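Heads up: the sequence shown at position 542 corresponds to 542 in full-length UniProt numbering, and the numbers run straight through without jumps. What follows is a short report on a single structure.
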Amino acid sequence: MFWGCSFEQRTPLRPPQGGSLCLGQADLEAKENSAFSSPRSPDTCTVMFLNWESCASVLTTGFLHPAPLQMAARKMLVLYGSQTGTAQDAAERLGREAKRRRFQCKVEALDNYQVANLIQEPLVVFVCATTGQGDPPDNMKNFWKFIFRKNLPPTSLCQMDYAVLGLGDSSYPKFNFIAKKLHRRLLQLGGSPLAPAALGDDQHDLGPDAVIDPWLLSLWEKILELYPLPSGLHVISPNILLPPKYTFQLLDEASGDLSVAPLQPEDASRDVPSEMNSFSAQMVSNRRVTSESHFQDVRLIEFDIAGSGIKYAAGDVVMIQPRNGLEEVHLFCSLLRLDPDACFMLRPTEAGTPLPAPLPQPFTVRHLVTHYLDITCVPRRSFFEFLSHFSPNELERSKLQEFSSAQGQEELYAYCNRPRRTILEVLCDFPHTTCAIPCDYLLDLIPRIRPRAFSIASSMLTHPNRIQILLAVVHYKTCLSKARRGLCSTWLASLSPQNGTAQVPLWVKKGMLKFPVEPGTPVVMIGPGTGVAVFRAAIQERVAQGKTGREDLCPAPYQREQGACVGPGEAQGGPDLPSRKCQADAGGSGRSTEVCLPVRRRPLCSRSGGVSCPLGTNPPLPS
Numbered sequence: 001m002f003w004g005c006s007f008e009q010r011t012p013l014r015p016p017q018g019g020s021l022c023l024g025q026a027d028l029e030a031k032e033n034s035a036f037s038s039p040r041s042p043d044t045c046t047v048m049f050l051n052w053e054s055c056a057s058v059l060t061t062g063f064l065h066p067a068p069l070q071m072a073a074r075k076m077l078v079l080y081g082s083q084t085g086t087a088q089d090a091a092e093r094l095g096r097e098a099k100r101r102r103f104q105c106k107v108e109a110l111d112n113y114q115v116a117n118l119i120q121e122p123l124v125v126f127v128c129a130t131t132g133q134g135d136p137p138d139n140m141k142n143f144w145k146f147i148f149r150k151n152l153p154p155t156s157l158c159q160m161d162y163a164v165l166g167l168g169d170s171s172y173p174k175f176n177f178i179a180k181k182l183h184r185r186l187l188q189l190g191g192s193p194l195a196p197a198a199l200g201d202d203q204h205d206l207g208p209d210a211v212i213d214p215w216l217l218s219l220w221e222k223i224l225e226l227y228p229l230p231s232g233l234h235v236i237s238p239n240i241l242l243p244p245k246y247t248f249q250l251l252d253e254a255s256g257d258l259s260v261a262p263l264q265p266e267d268a269s270r271d272v273p274s275e276m277n278s279f280s281a282q283m284v285s286n287r288r289v290t291s292e293s294h295f296q297d298v299r300l301i302e303f304d305i306a307g308s309g310i311k312y313a314a315g316d317v318v319m320i321q322p323r324n325g326l327e328e329v330h331l332f333c334s335l336l337r338l339d340p341d342a343c344f345m346l347r348p349t350e351a352g353t354p355l356p357a358p359l360p361q362p363f364t365v366r367h368l369v370t371h372y373l374d375i376t377c378v379p380r381r382s383f384f385e386f387l388s389h390f391s392p393n394e395l396e397r398s399k400l401q402e403f404s405s406a407q408g409q410e411e412l413y414a415y416c417n418r419p420r421r422t423i424l425e426v427l428c429d430f431p432h433t434t435c436a437i438p439c440d441y442l443l444d445l446i447p448r449i450r451p452r453a454f455s456i457a458s459s460m461l462t463h464p465n466r467i468q469i470l471l472a473v474v475h476y477k478t479c480l481s482k483a484r485r486g487l488c489s490t491w492l493a494s495l496s497p498q499n500g501t502a503q504v505p506l507w508v509k510k511g512m513l514k515f516p517v518e519p520g521t522p523v524v525m526i527g528p529g530t531g532v533a534v535f536r537a538a539i540q541e542r543v544a545q546g547k548t549g550r551e552d553l554c555p556a557p558y559q560r561e562q563g564a565c566v567g568p569g570e571a572q573g574g575p576d577l578p579s580r581k582c583q584a585d586a587g588g589s590g591r592s593t594e595v596c597l598p599v600r601r602r603p604l605c606s607r608s609g610g611v612s613c614p615l616g617t618n619p620p621l622p623s
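This is the structure:
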């Protein structure tokens, strides 16, 4: 006799000895399209035993006979969609807390997870950010499309307990739209919610932790009711340091270990560059377009992409992977007493943990700090949690524990977030702790440098094998009057194309701004400041398509403030259009801004079929 269970019990079905089980009408290893196949009705279950000696299958109508109740494996999955790293940090915090409660826990980006396996997961927590105007992060877009397919049956996830944690910004109209919609969709597919969706708000004085902390307390209470600790085991104390994700294996030059060939990312064989396989483009031009007296340094930068296979259109975005400066790298290595030329290989501490794809193997400490570790970002709460475990100094350890506790978040905000104190500055403030940091925990402690997105400011029709961007160099002072510089903008502005070594890793993504397919469609373009970049590309594209001089061509306004001007003629790559000047208030600041607008021979806005495209901010704000 074959033992199973009802759907209401939401516990795994057990095949006979030597067999393997697949719920639904297709093997779990089949394509995602069939992964969510389900019974024809809530009371019908198809059970197939695969790889059985006789390859037999049994079709049972109605509920199967219940098996004797046994303790199910305490497995937990944490899936995240993150754009800036905040959701990923929260997901990894969840993973650490799950391991302290003796769960077998895996933390993974939504698009890296095999969605076909979701119907096997008993317990899943989703951590999702909302970007732009209610859009999913880049690393969950494929999952987002699949989970909202109309042909998914309402019993697809009937065996899954789930919870949703959302991260958003209440200053946007679609606050936490992704988390709210995902919570409803999982409920539609039969999932059982463990708690109401938590909606973290970046506008709160204490950040999203103001919502996350109390929500996690109630969530763990509910989870431990359903999945109690095994007999004789207890929750691991927060004072005990968990193992790192990876261990660093030092390679000995004398033993010949350095002869190991560097591993290439999995996507290295693909033709089109991507985040895992960027193209190293030569910078061919780096020209300042604002006068020296202007308050902001704006650059027009051009890259050579010949041979890359990159194709783009107006509205697309180029992603650039920045790097840390030489001074910062030297200071970091000095603080941690690391040899910059020491060479390592990474080894995962848990089976199935993937290696960081952009990081080659083997690598030197210098390469790791220069290209991977974001040592100039503002540290998150988890950073202080890890540091507190390493500190041999009682005073420093006490302060670090306060910063990592729920009660110390106001102190942490005043010390770290408000003055935008960087990781390097924190390490300098805690010298006894810094020199005791184990090398194995570097990737747990410090996040990866994230790529920066820039609207492409050129058209392939006008500049084949070239990409141009308009870059505003970020520099400002904190509330403590400390100078701050943008990592990517400062690095790009410092590169000199003349020496022939200005190589920049980049790739292109499709942008969200879409222009009309028909070039004759009138478009009103409003792009203050460097927001004009995408319209510069659109104008060049229209000029190349033969739209020069047509009365329905309406270039974007170009700022002419205190000497800053990117003229209409330069922007479209052709003769200046007739223009007039008007006065406007710059972002409500009271300053008078002179703007160049094209002369319209007919009232464009009144014509049917037109498109309005506002973009950008003025004046620019530090970021």
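All C-beta atoms in this analysis are idealised placements derived from N, C-alpha and C, irrespective of residue type, glycine included. Quantities reported herein were computed from a predicted structural model and do not represent experimental measurements.
Its chain contains 166, 176 as the residues whose beta carbon lies nearer than 6 Å to that of residue 199, once the 5 sequence neighbours on both sides are disregarded; these appear in chain order. In the DSSP annotation of this structure, the continuous segment of the beta strand (DSSP E) that includes residue 280 starts and ends at 279-288. Under the criterion of beta carbons closer than 8 Å, residue 101 and residue 229 qualify as touching, at roughly 7 Å.
Annotation for residue 212: the continuous alpha helix (DSSP H) segment containing it runs 209-226. A direct Cα-Cα distance of roughly 19 Å separates residue 317 from residue 307. Judged by beta-carbon spacing, residue 279 lies within the 9 Å limit of residue 507, meaning their Cβ atoms are closer than that value.
Using a Cβ distance threshold of 9 Å, residue 453 and residue 283 do not count as a contacting pair. Scanning 124, 488, 364 for the CA closest to the CA of residue 252 turns up 364.
With a cut-off of 8 Å on Cβ pairs, the stretch 321-340 is not in contact with the stretch 394-414, counting fewer than three such pairs. 9 Å or more divides the Cβ of residue 144 from the Cβ of residue 187.
The UniProt domain "Flavodoxin-like" (76-220) is shown to contain whole beta strand (DSSP E) runs of 3 or more residues at 104-109, 123-129, 161-168, 198-201, in chain order. Boundaries of the beta strand (DSSP E) around residue 250: 246-250.
The shortest C-alpha to C-alpha distance from residue 501 to any of 285, 159, 88 is the one to 285.
The straight-line gap separating the alpha-carbon atoms of residue 482 and residue 533 is approximately 30 Å. For residue 301, the enclosing beta strand (DSSP E) begins and ends at 298-304. The beta carbon of residue 444 is closer than 7 Å to those of 244, 245, 386 in its chain, skipping five residues each way along the sequence. According to DSSP, residue 495 shares a beta bridge with no other residue. Per DSSP, the continuous beta strand (DSSP E) segment holding residue 477 begins and ends at 475-477. For the pair residue 379 and residue 537, the Cα-to-Cα distance works out to about 36 Å. Comparing alpha-carbon positions, the option among 369, 437, 448 lying closest to residue 331 turns out to be 369.
Partner residues in the beta bridge of residue 343, as assigned by DSSP, are 364. In the three-state reduction of the DSSP assignment, residue 431 falls in the helix class. Counting only residues of its own chain and dropping the five nearest sequence neighbours on each side, residue 224 has a CB closer than 8 Å to the CB of 101. Counting the other Cβ atoms within 10 Å of the Cβ of residue 503 gives fewer than 16, which makes it exposed.
Going by DSSP, residue 455 is part of the beta strand (DSSP E) stretching over 452-455. Going by C-alpha positions, residue 171 is about 9 Å away from residue 201.
Distances from the alpha-carbon of residue 120 to those of 156, 95, 129 put 156 closest. Secondary structure of residue 436 (DSSP, three-state): coil.
According to the DSSP assignment, residue 373 belongs to no alpha helix (DSSP H), since it is labelled neither H nor E. About 5 Å separates the beta carbons of residue 432 and residue 396, which is inside the 8 Å limit, making them a contact pair. In this model, residue 460 and residue 373 are separated by some 34 Å (Cα to Cα). Excluding its 5 nearest sequence neighbours in each direction, residue 510 has C-beta neighbours in its own chain below 7 Å: 316, listed in chain order. Note: residue 466 is bridge-paired with 304 in the DSSP secondary-structure output. Distance from the Cα of residue 362 is smallest, within the candidate group 354, 347, 497, 274, for 347. Taking 9 Å as the cut-off, the beta carbon of residue 472 is found no closer than this to the beta carbon of residue 300. In the displayed model, residue 320 falls within a strand according to three-state DSSP.
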